[in-house]
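Structure first, then comments.
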Amino acid sequence: ISINVPAEPGEVIRAAGEDITAGTVVFGEGEIIGAAQIGVIASLGRAAVRAVRRPVVAIVSTGDELLEPGQEHEPGKIYNSNAYSVAAMVTRYGGVPKIMSIARDTVESLEAALEDALDGADLVVTSAGVSKGDYDVVKDVLSSKGEIALWSVRMRPAKPLAFGMLKRDDGVGVPHLGLPGNPVSAMVAFEQFGRPALRLMMGKVQAEKPSVEAVMDDAIHNYDGRRVYARVHAYQDAAGVYRARLAGNQSSGVLSSMAQANGLAICPDEIAMIDVGEIARVEMFDWPDDIF
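For the sequence shown, the working numbering assigns the number 5 to the initial residue and increments by one for each residue that follows.
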């Protein structure tokens, strides 16, 4: 073996501190601890660090009409889709979902379900029972368990929405988010209210979703002065311009259009229509929060 090149001083040597120098703040408040972060922490010899744990979200669907997926269908019944779509969103946004048993339309069933849900939960999410004309038993039980601050918001879909605090037996308050029963309304409401709540619980200060300004291929109508969240599919055209088209039927009960969409186009409450060719802000579903 012959070596014809002289060795340079310091060549092929890893200098102490070349990765992280003394005094460097490695991770700040609100940073998500992922695979790379765990590796860095281990490389510094730290066996443990202080962190905010993932919030536990208890999910309670209510209604005599509900069946669980896998059960044989019965006339007049529908499957409990809301619990599973909301659970998937909780996981997506960093929480730990806990799907509870269905609460039936009796005081005893709902009280028992809420007692179970409050045990160990950082947030309780209920589905259905908050719309005008729904069973009074749901509203009565929710009110008796704590304080309900609001019953509706000026948006479409998801106008029926409750928020307040439920009290455990030890007097500790647990935030409660009451979603509408319509499947799309439940998902849109969780996007707008559940997601920001989870982010705040995890120490995140940025609550807004990543969004783009898109040229609309279809019109968005606002018939009643509410903020409209339209299910859209956003894309880039050949010129690199973001555009968006409506993703199927916009009824609040048509869940398949949520599966076709990759975002929500927003028509503000003071605007009667966003016409074809006009610009709408589109909140993207699956873009990471720090993409921008």
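Glycine residues also receive a C-beta, built at the ideal position from the N, C-alpha and C atoms.
Secondary structure of Glu-78 (DSSP, three-state): coil.
Within the model, the alpha-carbon separation for Met-277 versus Cys-271 is close to 7 Å. Between the region 77-94 and the region 196-211 there are three or more inter-stretch CB-CB distances shorter than 8 Å, so the stretches are counted as touching. Three or more Cβ pairs closer than 8 Å define a contact, and the region 174-190 falls short of that threshold against the region 236-246. 8 Å or more divides the Cβ of Gly-34 from the Cβ of Gly-175.
Contact annotation: Glu-212 and Leu-268 have beta-carbon atoms that are not nearer than 8 Å. Judged by DSSP secondary structure, Tyr-246 falls within the beta strand (DSSP E) whose first and last residues are 246-250. Rounded to the nearest whole angstrom, the CA to CA distance from Asp-120 to Met-104 is 8 Å. Cβ neighbours of Val-64 within its own chain (closer than 6 Å, five residues either side excluded): Met-104, Ala-107, Ala-117, Ala-121, Thr-130. Taking each of Lys-102, Glu-217, Gly-32, Ser-189 in turn and checking the Cα distance to Ala-62, the smallest one comes out for Lys-102.
Beyond the five residues adjoining it in sequence on each side, Tyr-246 comes within less than 8 Å, by CB distance, of Val-216, Glu-217, Ala-218, Val-219, Ala-238, Tyr-239, Gln-240, Val-286 in the same chain, given in chain order. Counted as a single uninterrupted DSSP element, the alpha helix (DSSP H) harbouring Met-262 occupies residues 260-264.
Here the region 71-88 makes no contact with the region 50-62; the two share fewer than three CB pairs at distances below 8 Å. Counting other Cβ atoms within 10 Å of its Cβ, Val-16 stays below 16 and is therefore classed as exposed. The three-state secondary structure of Leu-204, taken from DSSP, is helix. For Glu-69, same chain residues with a beta-carbon under 6 Å away, outside a window of 5 residues either side, are Lys-81, Ile-82 in chain order.
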